[in-house]
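Participant: One structure, pasted below without further comment.
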Ligand code: CMP
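Residue numbers (our numbering): 184 to 314.
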């Protein structure tokens with residue numbers, strides 16, 4: 184997901200360019216907005232964290248871009264491309280270093296395992312929307 188902060192700041196095009204230039208194929212994509220219920224479900228694993236309320240409020244405040252990406256070693260390579268969760272700790276040239284402002288508003292989300300990628304892909308897309 185390209186998160187609401189990056190959408191608000193006009194970075195959709197630049198971020199998609201970095202993703203495709205890094206060799207990822209976009210197999211599904213949509214511009215949408217999460218409801219409170221959507222965000223609580225998507226980030227359910229973080230429900231007990233102190234930042235959960237802030238995270239849900241942020242993720243629902245404006246539209247996002249959801250996408251499913253395909254590549255060999257996609258999970259690890261995408262995490263390398265986006266950089267550390269906290270942009271202050273993200274490597275030079277990573278998406279979060281370039282386009283994110285804080286650990287809470289960090290521009291982009293990537294799945295942390297193949298299993299979660301399948302769950303998160305199915306959260307956003309039906310089979311007919313995946314190419
Ligand atoms: P993401 O990779 O989407 O997964 C969980 C999100 O929770 C994370 O990016 C951040 O946006 C948010 N998050 C993680 N840690 C913190 C924190 N300490 N304070 C606020 N938000 C956080």
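Where a beta carbon is used, it is the ideal one built from N, C-alpha and C, also for glycine.
What did DSSP end up calling residue 274 once you bin it into helix, strand or coil?
Facilitator: For the purposes of this step, residue 274 is taken as residue 91 along the chain shown, with counting starting at 1. Residue 274: coil per DSSP, three-state reduction.
Participant: Going by beta-carbon coordinates alone, are residue 187 and residue 215 separated by less than 9 Å?
Facilitator: As a working mapping, residue 187 is identified with position 4 in the chain shown. As a working mapping, residue 215 is identified with position 32 in the chain shown. Against a cut-off of 9 Å, the Cβ pair of residue 215 and residue 187 comes out as no contact.
Participant: Considering only heavy atoms of ligand 1 and the C-beta of each residue, which residues fall inside 5 Å, strictly closer?
Facilitator: 234, 238, 286, 287, 289 and 292
Participant: How big is the Cα-Cα spacing for residue 283 and residue 311?
Facilitator: Translated into positions along the chain shown, residue 283 becomes position 100. Translated into positions along the chain shown, residue 311 becomes position 128. Their backbone Cα atoms lie some 32 Å apart in a straight line.
Participant: Taking DSSP as the reference, what is the three-state secondary structure of residue 268?
Facilitator: Mapped onto the chain shown, residue 268 falls at position 85. Residue state, collapsed to three classes: coil.
Participant: Do you know how far the Cα of residue 273 is from the Cα of residue 213?
Facilitator: Reading the chain shown from its first residue, position 30 is the one you call residue 213. Reading the chain shown from its first residue, position 90 is the one you call residue 273. Going by the C-alpha atoms only, they are around 27 Å apart.
Participant: Roughly how many whole angstroms lie between the Cα atoms of residue 189 and residue 299?
Facilitator: Stepping through the chain shown from its first residue, residue 189 is reached at position 6. Stepping through the chain shown from its first residue, residue 299 is reached at position 116. Going by the C-alpha atoms only, they are around 23 Å apart.
Participant: According to the Cβ coordinates, are residue 196 and residue 254 closer than 9 Å?
Facilitator: Taking the chain shown and counting its residues from 1, one reaches residue 196 at position 13. Taking the chain shown and counting its residues from 1, one reaches residue 254 at position 71. Not closer than 9 Å, so no.
Participant: From the DSSP output, which residues share a beta bridge with residue 213?
Facilitator: Counting from one through the chain shown, the residue named residue 213 turns up at place 30. Residue 213 is bridged to 249.
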